[in-house]
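Residue numbering for the first sequence follows the working numbering, starting at 212 and increasing by one per position. We put the CB at the ideal spot given by N, CA and C, even for glycine. Some notes on the structure that comes next.
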Amino acid sequence: MQPLQIQNSLTRKKELFKALNPPHVGMYVCGPTVYSNVHLGNVRTFLSFDIIYRYLEFIGYKVRYVRNITDVGHLVGDTDDGEDKIGKMARLQKVEPMEIVQKYTNDFHDVMRVFNILPPSIEPTATGHIIEQISSIEKIIENGYAYEVNGNVYFSVRTFSNDYDYGELSGRKIDELMSNTRDLDGQSEKRDPLDFALWKKADETHLMQWPSPWGLGFPGWHLECSIMSTKYLGEKFDIHGGGMDLKFPHHECEIAQNVAANKCESPVNYWIHGNMLTVNGRKMAKSEGNGFTPEELITGNHKLLERGYTPMTVRFFMLMGHYASTLDFSNDALIAAEKGLSKLTKAVELLQGLEPTANENLDIDVMELSNKCYSAMNDDFNTPVLIANLFEGVKWINSASDGRIELGKDQIELLKTLYKGFMEDVLGIANESMVEDGKQGNDDLASNLLDLLVQLRTDAKSNKDYAGADRIRNTLSELGITVTDGKDGSSWSHE
RNA sequence: GGUCCGAUGGCCGAGCGGCUAGGCUCAGCUCUGCAAAAGCUGCUACAGCGGUUCGAAUCCGCUUCGGACCUCCA
Numbered sequence: 212m213q214p215l216q217i218q219n220s221l222t223r224k225k226e227l228f229k230a231l232n233p234p235h236v237g238m239y240v241c242g243p244t245v246y247s248n249v250h251l252g253n254v255r256t257f258l259s260f261d262i263i264y265r266y267l268e269f270i271g272y273k274v275r276y277v278r279n280i281t282d283v284g285h286l287v288g289d290t291d292d293g294e295d296k297i298g299k300m301a302r303l304q305k306v307e308p309m310e311i312v313q314k315y316t317n318d319f320h321d322v323m324r325v326f327n328i329l330p331p332s333i334e335p336t337a338t339g340h341i342i343e344q345i346s347s348i349e350k351i352i353e354n355g356y357a358y359e360v361n362g363n364v365y366f367s368v369r370t371f372s373n374d375y376d377y378g379e380l381s382g383r384k385i386d387e388l389m390s391n392t393r394d395l396d397g398q399s400e401k402r403d404p405l406d407f408a409l410w411k412k413a414d415e416t417h418l419m420q421w422p423s424p425w426g427l428g429f430p431g432w433h434l435e436c437s438i439m440s441t442k443y444l445g446e447k448f449d450i451h452g453g454g455m456d457l458k459f460p461h462h463e464c465e466i467a468q469n470v471a472a473n474k475c476e477s478p479v480n481y482w483i484h485g486n487m488l489t490v491n492g493r494k495m496a497k498s499e500g501n502g503f504t505p506e507e508l509i510t511g512n513h514k515l516l517e518r519g520y521t522p523m524t525v526r527f528f529m530l531m532g533h534y535a536s537t538l539d540f541s542n543d544a545l546i547a548a549e550k551g552l553s554k555l556t557k558a559v560e561l562l563q564g565l566e567p568t569a570n571e572n573l574d575i576d577v578m579e580l581s582n583k584c585y586s587a588m589n590d591d592f593n594t595p596v597l598i599a600n601l602f603e604g605v606k607w608i609n610s611a612s613d614g615r616i617e618l619g620k621d622q623i624e625l626l627k628t629l630y631k632g633f634m635e636d637v638l639g640i641a642n643e644s645m646v647e648d649g650k651q652g653n654d655d656l657a658s659n660l661l662d663l664l665v666q667l668r669t670d671a672k673s674n675k676d677y678a679g680a681d682r683i684r685n686t687l688s689e690l691g692i693t694v695t696d697g698k699d700g701s702s703w704s705h706e
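Laid out in structure tokens, this is it:
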């Protein structure tokens with residue numbers, strides 16, 4: 212097994228990864244609240260954990276990857292008296308809450324597929340685990356860390372912090388939190404402003420409600436993740452991930468709930484937080500109005516976009532930065548990524564047709580490059596360094612293809628293994644034409660015609676009819692077909 | 001106000017005590033009928049000011065600027 216180092220948010224240190232029960236790994240990632248379309252910032256987080264999932268599998272772990280769908284309990288606004296997000300959308304659109312849930316779950320899945328983000332092993336929903344949440348609340352009350360008021364149940368942060376460490380993940384001190392608590396309305400029921408809701412009473416108008424020992428109501432937002440991670444991964448598991456913005460209070464509350472319910476130690480060994488996607492230096496967020504959807508990005512139909520970009524370009528762009536750093540979105544950066552990706556994929560295509568020479572090239576050490584690729588990923592999933600390494604190999608492939616250097620059979624085979632493994636399996640860079648081009652099937656005729664045109668142009672060239680040759684190339688170029696002369700003749704490609 | 005991050009060449013973005021990633025852009029060259037592609041070469045940067053060290057983009061302090069969290073957010 213590779214010596215994998217992970218930056219652990221809990222300890223704020225880079226640590227050697229040790230699975231609790233190798234080769235099995237349990238990983239939980241906070242999924243979306245399905246009340247609206249996901250935007251690109253959301254995609255970045257799920258992409259980051261897609262890479263982590265892929266790499267763990269790649270180096271031989273069997274990962275049970277749980278990523279939830281939040282379909283109830285996430286409230287709108289500042290206080291615990293806010294409306295449920297799903298319920299609000301249902302009311303506004305005059306549909307059933309479950310229609311909202313279904314619609315945006317579908318959208319989420321579509322987006323994940325377009326970006327080649329793998330589905331998790333289990334994708335549980337909050338509404339599917341109401342019973343478990345209720346029994347967990349009962350346990351927390353029984354253990355003395357929660358109390359009921361008028362059909363609402365609150366977690367007592369103060370009581371909990373007398374026995375355990377509240378704030379270990381986010382580095383908060385409970386007294387500082389106290390002094391910084393804002394004065395909000397609607398918190399009179401709570402014994403302490405820091406307390407948070409485990410169960411909320413539903414009034415008659417509330418669209419989503421379930422019976423409970425405390426009357427009709429619905430579960431608090433933080434609870435579902437505690438429940439579902441425990442249910443599918445156990446009281447103690449390996450990795451918990453999510454966006455940086457969930458660290459506090461969401462993840463902190465999750466830990467507290469787990470500990471309070473099970474009287475156990477900290478439930479997660481490695482916490483991993485993905486950083487934000489920014490626009491002009493500011494976090495992309497719905498509230499900022501600077502977020503855009505994957506569809507807007509692909510079509511280019513947005514005021515911040517000069518034109519559209521393919522999903523793979525976006526995926527590659529995001530992987531050129533480290534998951535734990537903020538990444539700033541810009542047209543220039545996307546264009547750079549687009550060109551870089553094209554260079555990389557072309558080289559990989561060339562690699563497939565490379566003819567080996569009799570002897571290995573002693574100046575080129577493919578094994579060393581391969582080791583460098585592993586090292587990069589072992590160092591906290593450093594995809595930018597991995598990509599830099601992959602570009603090293605691109606030079607060899609292109610040079611070999613141009614006949615400037617020679618590569619032996621073993622070297623070519625090793626390169627193929629390397630690019631298949633790291634490009635496809637780890638980075639998840641799929642062949643774009645295969646992903647987007649469903650219409651390729653009926654292109655046989657066009658393809659044959661193009662071959663003919665390129666042949667005609669080659670004939671023209673050998674007759675030194677350069678004007679004719681250029682006319683064919685220019686006309687095709689206007690149609691989006693690029694004709695390229697190589698040492699083995701001319702070829703065409705379609706953007 | 002509190003807590004915590006960050007400031008790297010024309011742009012994006014790694015590195016986090018010595019060995020000066022990578023991509024994109026730009027310029028020159030090679031190849032080519034011309035292009036394109038590819039290859040080679042060049043543009044040799046680490047916010048500012050102090051300090052520690054034989055040696056600092058990397059460690060420490062201060063200053064300036066930016067951001068995140070503290071409230072829903074991936």
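Span of the alpha helix (DSSP H) holding Trp421?
Where Trp421 is concerned, there is no enclosing alpha helix (DSSP H), given that its DSSP letter is neither H nor E.
If the criterion is Cβ atoms closer than 8 Å, does the pair Asn486 and Ala535 meet it?
yes
Can you tell me the Cβ-Cβ gap for Val364 and Trp432, rounded? I've got them flagged as a contact below 8 Å.
That pair is no contact at about 13 Å.
Taking the alpha-carbon positions, what's the Asn582 to Glu624 distance?
15 Å
From which residue to which residue does the beta strand (DSSP E) around Val694 run?
692-697
Could you name the residues of the same chain whose beta carbon sits closer than 7 Å to that of Glu465, not counting the 5 residues immediately before and after it, in chain order?
His433, Cys436, Ser437
Can Leu638 and Thr669 be called in contact, C-beta distance under 8 Å?
no
Starting from the Cα of Thr686, find the closest Cα among Ala671, Phe459, Leu664, Met523 and give me that residue.
Leu664
How many angstroms separate the CA atom of Leu552 from the CA atom of Phe602?
10 Å
Counting pairs of beta carbons, one from the segment 238-254 and one from the segment 307-321, are three or more of them closer than 8 Å?
yes
Beta-carbon separation of Ile608 and Ala641 under 8 Å?
no
Please report how far the alpha carbon of Gly619 lies from the alpha carbon of Leu573, in whole angstroms.
9 Å
Taking the runs of the alpha helix (DSSP H) that are 4 residues or longer, which of them lie wholly in the segment 264-312?
296-304
In whole angstroms, give me the CA-to-CA distance for Asn219 and Arg615.
46 Å
Could you name each continuous beta strand (DSSP E) segment of 3 residues or more that falls completely within the segment 220-245, going from the start of the chain to the end?
224-227, 235-240
Rounded distance between the beta-carbons of Leu516 and Leu251, thought under 8 Å
That belief does not hold up - the Cβ atoms of Leu251 and Leu516 are roughly 11 Å apart, past 8 Å.
Once the 5 residues before and after Phe592 are set aside, which same chain residues still bring their CB inside 7 Å of it?
Ile262, Ile263, Tyr266, Tyr534
In three-state terms, what does DSSP make of Leu565?
coil
Per-residue DSSP class, three states only, for Gly649:
A caution first: Gly649 carries a pLDDT of 39, below 50, which makes its placement in the model too unreliable to give a value.
Complete alpha helix (DSSP H) runs within the segment 345-432 (minimum length 4 residues, chain order)
368-374, 385-391
Buried or exposed, going by whether 16 or more other CB atoms sit within 10 Å of the CB of Glu463?
buried
For Asp406, count the other beta carbons within 10 Å of its own beta carbon; 16 or more makes it buried, fewer makes it exposed. Which is it?
buried
Count Cβ pairs between the segment 441-448 and the segment 319-326 that sit closer than 8 Å; are there 3 or more?
no
Should Phe269 and Val240 be called a contact, given that it needs their Cβ atoms to be closer than 8 Å?
no
Can you tell me where the alpha helix (DSSP H) with Val525 in it begins and where it stops?
522-530
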